[in-house]
Each structure stands twice: as C-alpha cells, then as structure tokens.
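Residue numbers 1 to 461, in the numbering used here, belong to the letters of the sequence shown in order.
For every residue, glycine included, the Cβ atom is placed at its ideal position computed from N, Cα and C.
Below: one structure, written as structure tokens.
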Amino acid sequence: MSGTATAVGQAPEHTAADTRLMVVGAGLAGCEAAWQAARLGVRVRLIDMKPKRLTAAHHSDDFAELVCSNSLGAASTENAKGLLKQELRELGSLVVRCADENRVPAGGALAVDRLRFSEAVTRAICADGNIEIECAEVGEIPAARPCVIATGPLTTDGLSANIRERLGSGSLYFFDAAAPIVALRSVDESRTFRASRYDKGGGDDYVNCPMTREEYQIFTDALVAAETAEQKDFEETKLFSGCMPVESIAKRGPDTLRFGPLKPKGLIDPVTGREPYAVVQLRQDDAEGRLYNLVGFQTRLRFGEQKRVFGLIPGLANAEFVRYGVMHRNTFLDSPRLLKADYAARREPKLFFAGQITGVEGYVESVSSGLVAGISAARGLLGLPAVQLPPETMTGALAKYVSSYAGADFQPMNANFGILAQPEQTEPLCATRRRLSKRERNRFYAERAIEAIRAFAARLE
Ligand SMILES: Cc1cc2nc3c(=O)[nH]c(=O)nc-3n(C[C@H](O)[C@H](O)[C@H](O)COP(=O)(O)OP(=O)(O)OC[C@H]3O[C@@H](n4cnc5c(N)ncnc54)[C@H](O)[C@@H]3O)c2cc1C
1 MSGTATAVGQ
11 APEHTAADTR
21 LMVVGAGLAG
31 CEAAWQAARL
41 GVRVRLIDMK
51 PKRLTAAHHS
61 DDFAELVCSN
71 SLGAASTENA
81 KGLLKQELRE
91 LGSLVVRCAD
101 ENRVPAGGAL
111 AVDRLRFSEA
121 VTRAICADGN
131 IEIECAEVGE
141 IPAARPCVIA
151 TGPLTTDGLS
161 ANIRERLGSG
171 SLYFFDAAAP
181 IVALRSVDES
191 RTFRASRYDK
201 GGGDDYVNCP
211 MTREEYQIFT
221 DALVAAETAE
231 QKDFEETKLF
241 SGCMPVESIA
251 KRGPDTLRFG
261 PLKPKGLIDP
271 VTGREPYAVV
281 QLRQDDAEGR
291 LYNLVGFQTR
301 LRFGEQKRVF
311 GLIPGLANAE
321 FVRYGVMHRN
331 TFLDSPRLLK
341 ADYAARREPK
351 LFFAGQITGV
361 EGYVESVSSG
371 LVAGISAARG
381 LLGLPAVQLP
391 PETMTGALAK
401 YVSSYAGADF
411 QPMNANFGIL
421 AQPEQTEPLC
431 ATRRRLSKRE
441 RNRFYAERAI
451 EAIRAFAARL
461 E
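Right under this line is the structure:
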C-alpha cells in the first residue's frame, strides 16, 4: 500500500474543479464502493488511515480486513446471507469475487483464507487505474463534495464528532445493545397470549410468554451458567442500568429478573385467569408485524447459547432468531432519520455513507451497502438518474430497513428473510393451500430475489 498523508483533523484537500469521488475507509464497504464507482468510469480517491493508525480491532496493513471470524456466512441461497452474496455476485461485487477465489473448506459456509482474501482485494484496488489511494486519518468531511464515508463501527473519535456537527447531535450511536429478534411465525402461539400491561395502548400489543415457578427456575439457572462472548478492551463501556445484560441481572439474585424485565404485573394469562409467576414479553419490531424482539434481553451470551437458553422460554422452543442480541462498541447512524435508501444523507445528496456505520450489521451486509452507495454516488457524478434496488431483494430490503425503520429504538440489522417485501396475494407462496416448510418458503424468496436482481442489473447495463 502506498500513499500520501494529510494531518489528522483536516478535511482532505479537494479543489473546486475536483470531480473525483472521495471514499473514506478502505474496509469491506469502502473497497466495494470505490470499486463500483471506478467500474462506472468515475475517478476515486480512497483514503484510509491504515497503516499509520489501526483501530483496536484491525491488525493488518491490507484493506478489507476481516476483524473477527473468517466466515462470510452460509453459502446456500436458502439462507439470507447466502442469498445476499448471490445478489452481490450478480451485481459484480469485487469483495465477494475475492472471497470466492480464496475460499477454504467450511461445510455450508463461505469461509476464506483471511490474509489472501484481503491481499486480493487490496491488489485489485491498487491496480485499478481509476482509484488513487491515500493514507490519512480523516477528521472532517469536506463540504459539498461527493463523498462516501465508510469508516466502520470503530470510526475515530474526531470524525465521529465531525459527523455529529454535520448531521446534528443525536445522529450517531456508539454502543450496540440489542436484544434478539425472532420471526413471529416461528413462535408457538398456543403457549403465549397477547396483552399489554394493564391493557394499555392497543391492549394486545405484546406477545407474552408466561412462566411457571419451575419454568422460571430452569430458565434462570441456564441463563446464569451460559457462556458469554469474549469482551474486547475497548468494549468495557460503563453500562446504564437500562442496558444491563439480561444474564448480569439474573446473577444479582434469583428474583431480580422477576422484578425487572420479566415482571408479570398487570398481565393476566387468559388460560389461568391469574398473573403468571414471570413473563417474557415480545414487542413488535417491524411495521409489518413479522419480527418481534425480546424486551429487555440485551445480552453478551454466545449466539449458540442464546438459541439454547432463550429456547427454554415458553413459546420459543423452535423460534427462528433473525438477529441475536449483541453488546459491543459500534458507531452507527440514526439512519432512518438521516439516510435515503441509496445511503445518501437526506440533507446532503452528495454525502453517502456505507458499511456498518449505516446500521447494517455484518461483513456481507457492509459490502452490500458499499455496493449500493458506490453505484449511487458514481451515477450522481455522471449525471445519471438515481436507482433503487427492489425491496424483494435482500440488498434492497436492507437499504429500505435502515432508511425507513419506524420504531423508537433503531438497532443494526443483518440479512434475514423477515425484512423482504411480503409476497403478493397472487404469488405462488400465498396461492398455495398447504403450509409450506421453511425451506420451501426461503427457496421462493430466493428465486424471486435473484430474478429481481437480474432484471435490475440488466436495467443498469
Ligand atoms: C470487534 C468486531 C468484530 C466483528 N466480527 C464480525 C464477524 O465475525 N462477522 C461479521 O459478519 N461481522 C463482524 N463485525 C461487524 C462488521 O461486519 C465488521 O465490523 C465489518 O468489518 C464492517 O465493515 P466496514 O467496511 O463498515 O468497516 P471496516 O471493515 O471496519 O472498515 C473501516 C475502515 O475505515 C478506516 N477508518 C476508520 N476511521 C477512519 C478515519 N477517521 N480516517 C480514515 N480511515 C478511517 C479503518 O482503518 C478501516 O480500514 C465485527 C465488528 C467488530 C467491531
């Protein structure tokens, strides 16, 4: 890697006649954005502080570094992450191509030799005649210039402060304390009842999972003994009591959960006519009412442990977790308020964001937002009309989710079938009389998405 450096805190020099697209951050999203723009013939200036400065999670000098796992998730298109990768292949993604070329055996997953993968992306970026590379820590977004900010979940403090100045206070979150989300269709409704505490609001807004004393005991015993994820130094953030992991609350005493997030007050189980011993509440998470989050269940448990332990909650034995709970340092925008579905700032059409900073969660999701932002920014520079990905594609659904989530507590989202556009009543999925298996349903969604992405790619050509 080679390049020039500017002093920290300054906006990189960008003259009035400059028609280059500036991309800040050469991670997964930034590399994809730069590559897509360059492919369309736009000259790109890609800036990263590597190797002069590394975040607490980055260790290599190369671009597109995988900061943790070397897996890019399931390969099959019957899985949401697999479908997202296939869509990106159809759209000519550099990052997914390099992943395919550097694949290592990993069962049904696409895992890569992480060093060779990063080298391959870095080589392709460095060899591209339209991309100029610069090594600098950017502290300020240049005013009124076409720009993609893709500095990731560990964006430096200086740039974070500048983003807040530019987009308004409250534009950035710094900690991801998200509870798991389950697909409602996978909840056993014979074990749950609908009600709001003291019949407030709609009266039946929540799905309640009632527990007997024995069920509560088994659940809390498993919870306190469950394995938690390793914590990085930079994640040792002081937590507000409202953000305390559910397992930490449980460790404070046998009844703390019953007087906290699992309190049964004001909830009458229609089967017994009484308040249960404890209640886990599920709250609607999407406008369509297909996804529900476990209220107060922010957690550091390992993903496998979440499935096992939360599966002990009545009604959730076969729950499909579309997102697991997480607690880690994560800088991300209040995207529903700030961004459009092409990842451009609502207030500044030339300023784009890409990657984890937009509130998409995960390696491949970051690549997908980089691809959309890169194409959109380049089209803007070329005077071409804006494009929008179909909501029945995973790429389009993610963009739509982060830019239009209507709930009060926006949290990052990964690829999952629950966010795709609902099928029309006339489509085979609705027309069939029998109940489809999860596999059949996912296959339908995948085929529909791939058809839509091919049509979209043809229109782009
Ligand atoms: C510790 C950790 C572990 C994770 N593990 C996984 C996992 O296993 N699987 C998964 O799917 N997702 C994981 N994620 C989430 C996410 O998918 C990754 O963080 C992903 O790398 C995000 O891609 P990105 O392009 O948005 O950011 P990054 O890949 O982080 O790239 C951002 C780039 O911006 C540069 N940069 C930052 N600030 C500046 C600045 N001011 N000026 C110039 N350059 C700057 C950085 O040097 C970096 O190269 C993890 C996140 C974290 C923090």
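Counting only unbroken stretches of 4 or more residues, the alpha helix (DSSP H) elements lying wholly within the segment 182–233 are 213–225, in sequence order. Here the alpha carbon of Gly304 sits roughly 25 angstroms from the alpha carbon of Asp255.
In chain order, the residues positioned with their C-beta nearer than 5 angstroms to some heavy atom of ligand 1 are Gly25, Gly27, Leu28, Ala29, Asp48, Met49, Lys50, Ala57, Val67, Cys68, Ser69, Glu137, Val138, Thr151, Gly152, Pro153, Thr155, Thr156, Leu159, Gly355, Gln356, Gly362, Tyr363 and Ser366. In this structure, the beta-carbon distance from Gln422 to Ala178 does not fall below 8 angstroms.
Per DSSP, Thr331 lies in no alpha helix (DSSP H); the unbroken beta strand (DSSP E) holding it starts and ends at Val326 to Leu333. The straight-line gap separating the alpha-carbon atoms of Phe352 and Ala33 is approximately 10 angstroms. Apart from sequence neighbours up to five positions away, the residues of its chain that approach Thr122 with a beta-carbon distance below 6 angstroms are Asp62 and Phe63, ordered along the chain.
Residue burial annotation: Arg45 is buried, with at least 16 other C-beta atoms found within 10 angstroms of its C-beta.
Straight across, the Cα-Cα distance linking Arg441 with Ala80 is about 12 angstroms. As a beta-bridge residue in DSSP terms, Val360 pairs with Met413. Counting C-beta pairs closer than 8 angstroms gives fewer than three between the segment 384–403 and the segment 49–69, which falls short of the contact rule. No Cβ-Cβ contact shorter than 8 angstroms links Ala341 with Ala354.
In this structure, the alpha-carbon of Cys147 lies about 23 angstroms from that of Ala397. Counting only unbroken stretches of 3 or more residues, the beta strand (DSSP E) elements lying wholly within the segment 12–98 are 21–24, 44–48 and 71–74, in sequence order. Cα atoms of Asp128 and Glu134: separation of roughly 14 angstroms, rounded to the nearest angstrom. As computed with DSSP, Cys147 is found in a beta bridge with Met22 and Leu351. Per the Cβ contact rule, the segment 82–100 is in contact with the segment 361–373 (3 or more Cβ pairs under 8 angstroms). In terms of CA proximity to Glu137, Asn162 leads the group Ile125, Asn162 and Cys126. DSSP places Ile141 in the coil class of the three-state scheme, outside both helix and strand.
The continuous beta strand (DSSP E) containing Tyr173 extends over residues Leu172 to Ala178. The Cβ atoms of Val326 and Ala222 do not sit closer than 8 angstroms to each other. By the Cβ-count criterion, Val246 is buried, with 16 or more other Cβ atoms from all chains shown falling within 10 Å of its own Cβ. Glu215 has its alpha-carbon roughly 23 angstroms from the corresponding atom of Arg185. According to DSSP, residue pairing for Gln281 in a beta bridge involves Asn208. Apart from sequence neighbours up to five positions away, the residues of its chain that approach Gly30 with a beta-carbon distance below 6 angstroms are Val23 and Ala150, ordered along the chain. In this structure Asn318 is exposed. Its beta-carbon is surrounded by fewer than 16 other beta-carbon atoms within 10 angstroms. With a contact defined as Cβ atoms closer than 8 angstroms, Gln306 and Tyr277 miss out at about 22 angstroms.
Looking at Glu165, Ser369, Ile453 and Asn130, the one whose alpha-carbon comes closest to that of Ile141 is Glu165. In the three-state reduction of the DSSP assignment, Val271 falls in the coil class. Linking Leu420 to Glu119 through their CA atoms gives a straight-line distance of about 34 angstroms. Across the set Gly201, Ser69, Thr220 and Leu21, the C-alpha of Leu21 shows the shortest separation from the C-alpha of Ala144. Under the three-state reduction of DSSP output, Arg103 falls in the strand class. A straight-line Cα-Cα distance of about 31 angstroms links Leu40 and Glu78. Annotation for Arg448: Glu392 place their beta carbon closer than 7 angstroms to its own, counting only its chain and skipping 5 residues before and after. Per DSSP, reduced to three states, the secondary structure at Asn442 is helical.
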